[in-house]
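Just so you know, the sequences run in chain order A and B. Here my numbering is used: the first residue of the first sequence is 1, the next is one more, and so on. Here my numbering is used: the first residue of the second sequence is 1001, the next is one more, and so on. Here a beta-carbon is modelled for each residue, glycine too, at the ideal position from N, C-alpha and C. The next block holds one structure in the form of structure tokens; read it before the comments.
Number of protein chains: 2
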Amino acid sequence: MKGNVIVGQSGGPTAAINSSLAGVYRTAKDRGAKKVYGMLHGIQGLLEEKYIDLSEHITNELDAELLKRTPAAYLGSCRYKLPEIHEDREVYEKIFAILEKLEIEAFIYIGGNDSMDTIKKLSDYAIVTGFKTRFIGCPKTIDNDLALTDHTPGYGSAAKYIGTSIKEIIRDSFCLEYSKGLVTIVEIMGRNAGWLTGAAALAKGEDCAGPDMIYLPELTFDLDNFMERIKDLLAKKTSVVVAVSEGIHLADGRYVCELGTSVDFVDAFGHKQLTGTAAYLANYVAHEIGCKTRAIELSTLQRSASHCASRVDILEAYQVGGAAVKAADEGDNGKMVVLKRLSDDPYQCSTEVKDVHKIANDEKLVPREWVNEEGTYVTDEFVTYVKPLIQGDVSPVMVDGIPRHLYKPH
Amino acid sequence: MKGNVIVGQSGGPTAAINSSLAGVYRTAKDRGAKKVYGMLHGIQGLLEEKYIDLSEHITNELDAELLKRTPAAYLGSCRYKLPEIHEDREVYEKIFAILEKLEIEAFIYIGGNDSMDTIKKLSDYAIVTGFKTRFIGCPKTIDNDLALTDHTPGYGSAAKYIGTSIKEIIRDSFCLEYSKGLVTIVEIMGRNAGWLTGAAALAKGEDCAGPDMIYLPELTFDLDNFMERIKDLLAKKTSVVVAVSEGIHLADGRYVCELGTSVDFVDAFGHKQLTGTAAYLANYVAHEIGCKTRAIELSTLQRSASHCASRVDILEAYQVGGAAVKAADEGDNGKMVVLKRLSDDPYQCSTEVKDVHKIANDEKLVPREWVNEEGTYVTDEFVTYVKPLIQGDVSPVMVDGIPRHLYKPH
Chain A
1 MKGNVIVGQS
11 GGPTAAINSS
21 LAGVYRTAKD
31 RGAKKVYGML
41 HGIQGLLEEK
51 YIDLSEHITN
61 ELDAELLKRT
71 PAAYLGSCRY
81 KLPEIHEDRE
91 VYEKIFAILE
101 KLEIEAFIYI
111 GGNDSMDTIK
121 KLSDYAIVTG
131 FKTRFIGCPK
141 TIDNDLALTD
151 HTPGYGSAAK
161 YIGTSIKEII
171 RDSFCLEYSK
181 GLVTIVEIMG
191 RNAGWLTGAA
201 ALAKGEDCAG
211 PDMIYLPELT
221 FDLDNFMERI
231 KDLLAKKTSV
241 VVAVSEGIHL
251 ADGRYVCELG
261 TSVDFVDAFG
271 HKQLTGTAAY
281 LANYVAHEIG
291 CKTRAIELST
301 LQRSASHCAS
311 RVDILEAYQV
321 GGAAVKAADE
331 GDNGKMVVLK
341 RLSDDPYQCS
351 TEVKDVHKIA
361 NDEKLVPREW
371 VNEEGTYVTD
381 EFVTYVKPLI
391 QGDVSPVMVD
401 GIPRHLYKPH
Chain B
1001 MKGNVIVGQS
1011 GGPTAAINSS
1021 LAGVYRTAKD
1031 RGAKKVYGML
1041 HGIQGLLEEK
1051 YIDLSEHITN
1061 ELDAELLKRT
1071 PAAYLGSCRY
1081 KLPEIHEDRE
1091 VYEKIFAILE
1101 KLEIEAFIYI
1111 GGNDSMDTIK
1121 KLSDYAIVTG
1131 FKTRFIGCPK
1141 TIDNDLALTD
1151 HTPGYGSAAK
1161 YIGTSIKEII
1171 RDSFCLEYSK
1181 GLVTIVEIMG
1191 RNAGWLTGAA
1201 ALAKGEDCAG
1211 PDMIYLPELT
1221 FDLDNFMERI
1231 KDLLAKKTSV
1241 VVAVSEGIHL
1251 ADGRYVCELG
1261 TSVDFVDAFG
1271 HKQLTGTAAY
1281 LANYVAHEIG
1291 CKTRAIELST
1301 LQRSASHCAS
1311 RVDILEAYQV
1321 GGAAVKAADE
1331 GDNGKMVVLK
1341 RLSDDPYQCS
1351 TEVKDVHKIA
1361 NDEKLVPREW
1371 VNEEGTYVTD
1381 EFVTYVKPLI
1391 QGDVSPVMVD
1401 GIPRHLYKPH
């Protein structure tokens, strides 16, 4: 490379997004980039000319290793949706003026669906205006809902955390016995896609029966049928553990969490803000059956628990970061790096690039055939798919009993 | 030892309680116990003659290592309060008939305040009736509220999990910027004692500013003062993270969680069931300030996260289990094993035994001088006290990407 590179992070945090940042930095440096800039809070920060020179922060190999182990977006993130070019050309002119000033050859954006929309629009604009900067997307989302890639960095670590935590919750739930039994509802992220919720099945093994039921948001949720199943389970065992997606909804389209309290908040992309699915169901079960219930939300812990990261995930995140820089350096533009699985066992996976126009704003859902007929559990195919992605650990660098992260001055 | 040993687990689960069970088993076997029985669900199960022969479950050294790494009570637990002897002598006669039949020389009960009450009553009864079984308590509680012991096994691992998770939550909270800021309220267990909530301060270090405020249940909570401080913090920074105990309450005695919804449920020991403190405060802040808020309950994960256990804690739990058997074998009765700290740095700790009458039903709270004057943070003395207890890790035995536990047939 002859020019400079700029990299940004966008969308929700993950345990692996900083490993991609480390991969971008390392490969850019190896390929001769003079400067590697980091946008602070993505494209939104760039518009305010907020960026840093990454060499001042990643000063040695230990810093790079710490960065790989640091959860959440090191550079800060944003949920900024670029206007259409015909709606507000000024925004584009401003961005490209900054890129020109910084002599940016490659613009790498690490993010999910909404972030790939940014790459799409910027690369379109560059092609139309003859601008030389190349725009490459680097996949990232715990939701695993990006199209055309076998899976998405960030998902494996979240899945490992979910499997581990659900297993510990199940153990805990069998300790104390309650006269009418105990029902634990665990709420897992994933508005429309059930990849994370399905990972609850990873708790199942020779030493654990796994959760009793798993409800994904892809299928309609039937409250009466759910209650019947809970009653049947309580007739057979003292503790019932159910994993539900935050996005489960009734046949009429209402989210389960909306049944309890009114939800008015809508985020910048027009998505409804969801909370309280587990709380609603736990209260409902307690009221109907009179048994003890617990509602557990895995909350932001599931996306930021780098102390429980998957080695496969962290390494692949690093790899796609490097592949994004390589693609830009070799002349690609308006592409996203994807992971292509070659085999399950032994697990082998390589990278490719795909046209970002075919990825942006699309959502990959769990296939219907990977959920059982009753809609209450994922199939073995699902588990075979996810298992390679949670293998191996990345030992945290422990300092004084607590994992160390790469420090960033605010 | 010439006779047999029986061991039970009681009260809430922890990540270390099974390590004490492993210590009891190993030491009993080493000292010549013929049989080591495990009560299923503590004294409540024993009354129904539910127990197992532990040699059938801990068959080799690997089983013992897995047991140390298995969260929650392997034998099952209970919250059964023995009646006073004069109230219901029959219960005692039944228990002692079972102990006689099983030729029990030592009765070890692993638990907290309420469980030590069981040891007290049973040893009193044995002394009065001339029964030869010796009763020894083995301390266990994540709450760390047992009297006369420097600290309690189970606390260190919970504290390590809390410090680690709060640090990850803080990192996550700085990713996305909101126009009016983000306030995250993290709710931590501990009804009356703030030892767990104070452990949130462990997140603070060279690479993390730590939570902004920490509210323990020992002090009165002032909602107006809290709101003023939140406003001041939001004027200076984009993300504010506050750790609160589930047991914080107003000057008039009402729990904060009671302000939002009515709480009628009372457990077997007459304790009120608490939930929703973080949810109430997050809603209140959102309503008053209009900023984005998040409520996170660490829930049962904080007591069962053996994947993040402290090595010091797991080893000490094992040690007190062994010390309990040794005490019984050497003739002690009606005692509890306690940990005595000899020095902070290097950390040194030994075991002793103390009269259980001085421990049962008592609660050790965080001293007032270990909280700052404003009541909004713990002091350095608190951190110096807890830090040695979270040192070192116990690598989980990972099988197929998930920690392995010792299997127990139900």
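Assigned exposure category for A:Ile127 - 16 Cβ within 10 Å defines buried: exposed
Every unbroken alpha helix (DSSP H) within the stretch 88 to 138 of chain A, with a cutoff of 4 residues, ordered by chain: 89 to 101, 113 to 129
Burial state of A:Ser395 (16 or more Cβ within 10 Å): exposed
Range covered by the beta strand (DSSP E) that runs through B:Glu1352: It spans 1347 to 1355 - the beta strand (DSSP E) in which B:Glu1352 sits, taken as one unbroken run.
Rounded C-alpha distance that separates A:Gly12 from A:Ser115: 10 Å
Candidates B:Leu1021, B:Glu1049, B:His1151, of which the one nearest B:Asp1344 by Cα: B:His1151
C-beta contact flag for A:Ser415 and A:Ala317 at 9 Å: One cannot answer for residue 415 of chain A here, as it falls past the ends of chain A, which runs 1 to 410.
Cβ neighbours of B:Asp1264 in the same chain (closer than 7 Å, five flanking residues each side left out): For B:Asp1264, the predicted structure reports a pLDDT of 44, less than 50, and the residue's modelled location is therefore unreliable. The matter cannot be settled from this model.
Among A:Gly253, A:Ser179, A:Ile185, A:Tyr155, the one whose alpha carbon lies nearest that of A:Ile166: A:Ile185
A:Ser123 vs A:Ile142 beta-carbon contact at 9 Å: When the beta-carbon positions are compared, A:Ser123 and A:Ile142 stay at least 9 Å from each other.
Beta-carbon separation (whole angstroms), A:Ile170 vs A:Ala193, contact threshold 8 Å: That pair is no contact at about 24 Å.
Coarse secondary structure for A:Ser55, derived from DSSP in three states: helix
B:Lys1002 versus A:Gly205: straight-line alpha-carbon distance, rounded: 40 Å
Closer than 7 Å at the beta carbon, the chain B residues around A:Gln348: Chain B residues near A:Gln348: none, gap ~17 Å exceeds 7 Å.
Stretch pair the stretch 1089 to 1096 of chain B + the stretch 1038 to 1047 of chain B: three plus CB contacts closer than 8 Å: yes
A:Ala328 burial status per 10 Å Cβ neighbour count (16 or more: buried): buried
Run of the beta strand (DSSP E) containing A:Gly8, from where it starts to where it stops: 4 to 9
Sub-9 Å separation of B:Glu1100 and A:Ala72 beta-carbons: no
Cβ-heavy atom distance, B:Glu1100 to the ligand ADP, below 8 Å: For the structure depicted, the ligand ADP is absent and the ligand set is empty, with no information on it obtainable.
As assigned by DSSP and simplified to three states, the class of B:Val1480: Absent from the model: residue 1480 of chain B. The displayed extent of chain B is 1001 to 1410, so no value can be given.
Buried or exposed (CB count within 10 angstroms, at least 16 for buried), A:Gln319: buried
Proximity of A:Leu298 and A:Met189 at Cβ, strictly below 9 Å: Closer than 9 Å, so yes.
DSSP-derived helix/strand/coil call for A:Pro388: helix
Residues that DSSP places opposite B:Ser1019 in a beta bridge: None, per the DSSP bridge assignment.
Boundaries of the beta strand (DSSP E) in which B:Thr1184 is found, first to last residue: Counting along the chain, B:Thr1184 sits inside the beta strand (DSSP E) bounded by residues 1182 to 1188.
Secondary structure, beta strand (DSSP E): runs of 3+ residues fully inside the stretch 1231 to 1257 of chain B: If we require 3 residues or more, the beta strand (DSSP E) runs fully inside the stretch 1231 to 1257 of chain B come out as 1239 to 1245.
Interface positions of the stretch 378 to 391 of chain A facing chain B (Cβ-Cβ less than 7 Å), listed along the chain: Lys387, Ile390, Gln391
Counterpart residues of B:Gly1038 in DSSP-defined beta bridges: B:Val1007, B:Ile1052
Closer than 9 Å to chain A by CB, B:Gly1190: No, because no Cβ of chain A sits closer than 9 Å to the Cβ of B:Gly1190.
Partner residues on chain B for A:Thr300, Cβ-Cβ distance less than 9 Å: Ordered by position in chain B, the residues that pass the 9 Å Cβ test against A:Thr300 are Glu1168, Ile1169, Asp1172, Ser1173, Thr1184, Arg1294, Ile1296.
Reference B:Lys1326, options B:Asn1225, B:Gly1137, B:Cys1257, closest by Cα: Per the Cα distances, B:Gly1137.
Local Cβ density within 10 Å of B:Arg1079, reported as buried at 16 or more and exposed below that: buried
Below-9 Å beta-carbon distance, A:Thr164 vs any chain B residue: yes
Contacts that B:Tyr1407 makes with chain A (C-beta to C-beta distance below 7 Å): Glu206, Asp207
Beta carbon proximity, A:Lys101 to chain B, threshold 9 Å: For A:Lys101, the answer is no, since every Cβ of chain B falls outside 9 Å of its Cβ.
Entirely enclosed beta strand (DSSP E) segments - the stretch 1144 to 1204 of chain B, minimum 3 residues: 1182 to 1188
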